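Per my numbering, residue 40 is the first one in the sequence shown, and the count goes up by one each step. Worksheet for the structure shown next.
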Amino acid sequence: MFGYRVPAPDEAMLISGGRRGLGGAPFRVVTGHGKFVLPVFRKVRFLTLSMCESEVTETCVTRQGIALHVRAVIAFKVGNDHESIINAGQRFLSDQDQMSVLTGRIFAGHLRAIIGSMTVEEIVTERQKLAAEVLDTSKTEMAKIGLIVDSLQIQSIDDGDTGYIDAMSAPHKAAIQRQAQIAQAQATQAAVEAEQAAARKQAEYARQTAVVKAEYSAEVDRAQAQAAQAGPLAQAHAQQEVLAAQTELAQRQAKLRQQQLVAEVVKPAEAEAERVRILAAAEAQRMKIQAEAAASYDRVALDRMLIDQLPQIVKEAAGGLAGANVNVLNGADGLGEIAAGLVSQGLTILDSVRQNLGGQNSDTDRPAKPDNGGLLQLRAAKDRKQDDGPVNVD
40 MFGYRVPAPD EAMLISGGRR GLGGAPFRVV TGHGKFVLPV FRKVRFLTLS
90 MCESEVTETC VTRQGIALHV RAVIAFKVGN DHESIINAGQ RFLSDQDQMS
140 VLTGRIFAGH LRAIIGSMTV EEIVTERQKL AAEVLDTSKT EMAKIGLIVD
190 SLQIQSIDDG DTGYIDAMSA PHKAAIQRQA QIAQAQATQA AVEAEQAAAR
240 KQAEYARQTA VVKAEYSAEV DRAQAQAAQA GPLAQAHAQQ EVLAAQTELA
290 QRQAKLRQQQ LVAEVVKPAE AEAERVRILA AAEAQRMKIQ AEAAASYDRV
340 ALDRMLIDQL PQIVKEAAGG LAGANVNVLN GADGLGEIAA GLVSQGLTIL
390 DSVRQNLGGQ NSDTDRPAKP DNGGLLQLRA AKDRKQDDGP VNVD
């Protein structure tokens, strides 16, 4: 719009002409908003509110009389309040670059004054204190011209060729060098120890590797040896089993031979011994009987009498067959059988008679006389045969 002016955010618009500003100022101050300005009747100028910089390089003498070359940088700007803008506008509006020049000069003077009251050691070691004192002393003067200082930085302090700062720093340098050497020695020692530890670890790793390799090699050798011995061991086990089987077979054969010897030698020997014992016992019994018979005369006499009568008994039995009708079928053999039967009958009769007589003798303890009972029995048998008829001898 024609006649409407708006300042930038970092500017202050100064309107002159017409009414005066606040506090009797020759112009009105507008910041942050626009203003309608009548052309020809009003004049508008702009004052920067942005940050400005001023560099100060000054040679200052300390309280000890030592010249120091000091380099500092000041950051400043016009104050945001109307009073500061009015003060700065009245002084720097036509030539705003003069703010940096004037500020540098102001700070150079205060810097010389403050350094002159301090020693080199204080200046070098307490730069922040030096900057704070310079700001404090220059604050009032800077406010009068509408400027405020944001920061002051002492960038360098140099004593030229005097070497005072170097001499002052020599003990510290020596200490630092000593500490550096110590640190270097410690670092070297640590490096050597680290190298030794690494070498020990490598040696230990190599030893372990060698041990593992040796163990693996030993296992391989054992496996190969076992594989090589597997055949002979199997053959030896087989031979051992064969020997065990042969031993068992030999034991069984020995046991069988022992049984055979028992059956072939021991048992017959025992049987022979038993036979001999039985024969001996029989012989002893016979001898005993003979002895008893010899001791008993009556018994012997009785037996002899019976023996003497045996032919008569047989004769009577044969006489009983004289009238019998006998058919001989086998010739001479049949006649022999008849005779044998007669003799057998006679022996049976004799034995019966002997038993009867023996029982009587045992009861009476004296010999009994023979009777003709046996003959009577033989005759009765003869009569029965005659009644029955002829006897057939097969």
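Glycine residues also receive a C-beta, built at the ideal position from the N, C-alpha and C atoms. Computed from a prediction, not measured in an experiment: that's the story for all the values here.
Subject >> Cβ pair count under 8 angstroms reaching 3, the region 190-200 against the region 235-248 >> reply: no
**OP:** Identify, in the order they occur along the chain, each residue of the same chain with its Cβ nearer than 7 angstroms to the Cβ of residue 203, setting aside the five sequence neighbours on each side.
**Re:** 105, 159
Subject >> Unbroken stretches of the beta strand (DSSP E), 3 residues or longer, contained in the region 186-230 >> reply: 186-197
**OP:** Could you spell out where the beta strand (DSSP E) holding residue 157 opens and where it closes?
**Re:** From DSSP, residue 157 is part of no beta strand (DSSP E); its letter is neither H nor E.
Original post:
Looking only at its own chain, which residues have a Cβ that is under 7 angstroms from the Cβ of residue 100, when we skip the five neighbours before and after it?
Top reply: 106, 155
**OP:** Would you mind stating whether residue 44 and residue 74 have Cβ atoms separated by less than 8 angstroms?
**Re:** yes
Original post:
Alpha carbon to alpha carbon, how far is residue 112 from residue 139?
Top reply: 11 angstroms
**OP:** Please classify residue 84: does DSSP put it in a helix, a strand, or coil?
**Re:** strand
Original post:
Helix or strand or just coil, what does DSSP make of residue 72?
Top reply: coil
Subject >> Contact belief for residue 186 with residue 118 at Cβ below 8 angstroms, rounded distance in angstroms >> reply: 7 angstroms
Original post:
By how many angstroms is the C-alpha of residue 209 removed from the C-alpha of residue 90?
Top reply: 41 angstroms
Original post:
Taking DSSP as the reference, what is the three-state secondary structure of residue 113?
Top reply: strand
**OP:** Report the three-state DSSP secondary structure of residue 51 (helix, strand or coil).
**Re:** strand
Subject >> Inter-residue spacing [alpha-carbon to alpha-carbon] between residue 163 and residue 196 >> reply: 7 angstroms
Original post:
Which of helix, strand or coil does DSSP assign to residue 133?
Top reply: coil
Original post:
Applying the criterion that 16 or more other CB atoms from any shown protein chain within 10 Å of the CB defines a buried residue, is residue 157 buried or exposed?
Top reply: buried
Subject >> DSSP state of residue 102 mapped onto helix, strand, coil >> reply: coil
Original post:
Can you name, in chain order, every residue of its own chain whose Cβ lies under 8 angstroms from the Cβ of residue 410, other than the five neighbours on each side?
Top reply: With a pLDDT of 45 at residue 410, under the threshold of 50, the modelled position of that residue is not reliable, and the figure given next carries that caveat. None.
Original post:
When burial is assigned at 16 or more other CB atoms within 10 Å of the CB, is residue 115 buried or exposed?
Top reply: buried
Original post:
Exposed or buried, which one is residue 177 when buried takes at least 16 other CB atoms within 10 Å?
Top reply: buried
Subject >> Sheet register partners of residue 164 (DSSP bridge) >> reply: Residue 164 pairs with nothing; no bridge assigned.
Original post:
DSSP three-state call for residue 250: helix, strand or coil?
Top reply: helix
**OP:** Can you tell me which of the three DSSP states residue 107 falls into?
**Re:** strand
Subject >> Identified DSSP bridge partners for residue 95 >> reply: 111
Subject >> Option in 265, 161, 327 with minimal Cα separation from residue 103 >> reply: 161
Original post:
Sorted by chain position, which residues of the same chain lie with C-beta nearer than 8 angstroms to residue 252's C-beta, five sequence neighbours on each side aside?
Top reply: none
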